[in-house]
Amino acid sequence: MAITKAEIVDMLFEKMGLNKREAKSIVEAFFDEIRSNLAKGEEVKLSGFGNFTLREKNPRPGRNPKTGVEITITARRVVTFHASQKLKAYVNGSDAAT
Amino acid sequence: MTKSELIKNICLEYPQLSSRDVEMATRLILEYLSDALADDERIEIRGFGSFSMHVRPAKLGRNPKTGEPVMVPEKRVPHFKAGKELREQVDWAADGLQGATGS
Chain D
1 MAITKAEIVD
11 MLFEKMGLNK
21 REAKSIVEAF
31 FDEIRSNLAK
41 GEEVKLSGFG
51 NFTLREKNPR
61 PGRNPKTGVE
71 ITITARRVVT
81 FHASQKLKAY
91 VNGSDAAT
Chain F
99 MTKSELIKNI
109 CLEYPQLSSR
119 DVEMATRLIL
129 EYLSDALADD
139 ERIEIRGFGS
149 FSMHVRPAKL
159 GRNPKTGEPV
169 MVPEKRVPHF
179 KAGKELREQV
189 DWAADGLQGA
199 TGS
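Each protein sequence line maps, in turn, to chains D and F. The first sequence runs 1 to 98 under this note's numbering. The second sequence runs 99 to 201 under this note's numbering.
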């Protein structure tokens, strides 16, 4: 089972003793704030975790994988996430038994 | 926006919360997400996106200087995929028009 906002709310409730409503407000504000900054075209840098950056994609040819029909994929702006060195090391730490 | 600006903005939005609480909560959220990824758990935040772990298998590489073959160990990379809402809000070009690709 994937982790969702509900689990994060529970975690804050347990670890901080915030009431559920406050915990929910913070969790929602956390993701809304990141999202609205990216929507404004601003990158988001969370030290120790990673950076959300924006990339401008040029139009490029593509095709519908189902039908094989060629179409042009329009120019667009997309979000990419780059994990920080710290997070990368952390997720590789436990079982990098090589 | 940096982490400290994020904390400041959440505080502005919820003046009833203490800045100490918001700061601690932000740290705990990021730690929790990091721990989940380290445990190979998927994270799904509706409207925002999902984080999952991508595993790059160990492979035989070469030292580019000497040409000597070396084993490159397995690498785990956190991956983020933007959710529909985030994707649409960020893409200035797609103002309610068709999104050509899924993936």
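In this text, a Cβ means the ideal position worked out from N, Cα and C, and glycines have one as well. Just so it is clear, the structure is predicted and the values come from calculations on it, not from any experiment.
Contacting residues, own chain, Cβ-Cβ under 6 angstroms from residue i (five flanking each side not counted)
i, result
"leucine 18 (chain D)", "Leu12"
"lysine 5 (chain D)", "Val27"
"alanine 77 (chain D)", "In the sequence on display, residue 77 (chain D) carries arginine and not alanine. Around arginine 77 (chain D): Leu54, Glu56."
"alanine 180 (chain F)", "Gly147"
"proline 167 (chain F)", "Leu158, Arg160"
Where residue i falls: helix, strand or coil (DSSP)
i, result
"threonine 67 (chain D)", "coil"
"glycine 93 (chain D)", "helix"
"arginine 76 (chain D)", "strand"
"lysine 173 (chain F)", "strand"
"glutamate 7 (chain D)", "helix"
"glutamate 142 (chain F)", "strand"
"lysine 86 (chain D)", "helix"
"glycine 200 (chain F)", "Reliability of the predicted coordinates at glycine 200 (chain F) is poor, the pLDDT of 44 falling under 50, and no value is obtained from them."
Residue i: first and last residue of the uninterrupted alpha helix (DSSP H) it sits in
i, result
"asparagine 37 (chain D)", "20-39"
"arginine 118 (chain F)", "117-136"
"alanine 2 (chain D)", "Run containing alanine 2 (chain D): none; DSSP gives neither H nor E here."
"arginine 185 (chain F)", "182-188"
"asparagine 107 (chain F)", "101-111"
Endpoints, the beta strand (DSSP E) within which residue i is located
i, result
"alanine 148 (chain F)", "Here residue 148 (chain F) turns out to be serine, not alanine, going by the sequence shown. Start and end: 147-154."
"lysine 45 (chain D)", "44-46"
"threonine 53 (chain D)", "50-57"
"lysine 163 (chain F)", "Run containing lysine 163 (chain F): none; DSSP gives neither H nor E here."
Neighbour-count burial assignment, residue i, 16 or more Cβ in a 10 Å radius
i, result
"valine 120 (chain F)", "buried"
"arginine 35 (chain D)", "buried"
"glutamate 28 (chain D)", "buried"
"glutamine 85 (chain D)", "exposed"
"glycine 147 (chain F)", "buried"
"methionine 99 (chain F)", "buried"
"asparagine 107 (chain F)", "buried"
"proline 176 (chain F)", "buried"
"leucine 110 (chain F)", "exposed"
"valine 9 (chain D)", "buried"
"glutamate 33 (chain D)", "buried"
"glutamine 187 (chain F)", "buried"
Per-residue contacts from residue i into chain F (C-beta, under 7 angstroms)
i, result
"valine 69 (chain D)", "By Cβ distance, chain F contributes nothing, its closest Cβ being about 11 angstroms from valine 69 (chain D), past 7 angstroms."
"alanine 39 (chain D)", "Gln187, Val188"
Nonlocal neighbours in the same chain, by C-beta distance under 7 angstroms from residue i, ignoring five residues either side
i, result
"methionine 169 (chain F)", "Ala156, Leu158"
"phenylalanine 49 (chain D)", "Ser84, Leu87"
"serine 150 (chain F)", "Arg140, His177"
Partners in chain F for residue i, counting only beta-carbon separations shorter than 8 angstroms
i, result
"phenylalanine 30 (chain D)", "Leu104, Ile108, Ala123, Thr124, Ile127"
"alanine 2 (chain D)", "Glu139, Arg140, Ile141, Glu142, Ser148"
"arginine 35 (chain D)", "Gly145, Phe146, Glu183, Leu184, Gln187"
Own chain partners of residue i with C-beta closer than 8 angstroms, once the 5 adjacent residues on each side are dropped
i, result
"leucine 195 (chain F)", "In this predicted model, leucine 195 (chain F) has a pLDDT of only 47, less than 50, meaning its place in the structure is not dependable; the value taken from the coordinates is given anyway. Nothing listed; no residue qualifies."
"glycine 62 (chain D)", "Glu70, Ile71, Thr72, Ile73"
Within chain D, the residues that residue i reaches when beta carbons sit closer than 7 angstroms
i, result
"valine 120 (chain F)", "Ile26"
Residue i: contacting residues in chain D (beta-carbon distance under 8 angstroms)
i, result
"proline 176 (chain F)", "Gly50, Phe81, Ala83, Leu87, Lys88, Val91"
"leucine 207 (chain F)", "No answer is possible for residue 207 (chain F): it lies beyond the span of chain F, which begins at 99 and ends at 201."
Residue i: contacting residues in chain F (beta-carbon distance under 9 angstroms)
i, result
"lysine 66 (chain D)", "What lysine 66 (chain D) touches in chain F: nothing, since even the nearest Cβ is about 10 angstroms away."
"glutamate 42 (chain D)", "Met99"
Proximal chain D residues relative to residue i, where beta-carbon distance stays under 9 angstroms
i, result
"glutamate 111 (chain F)", "Ser25, Ala29, Asp32, Glu33"
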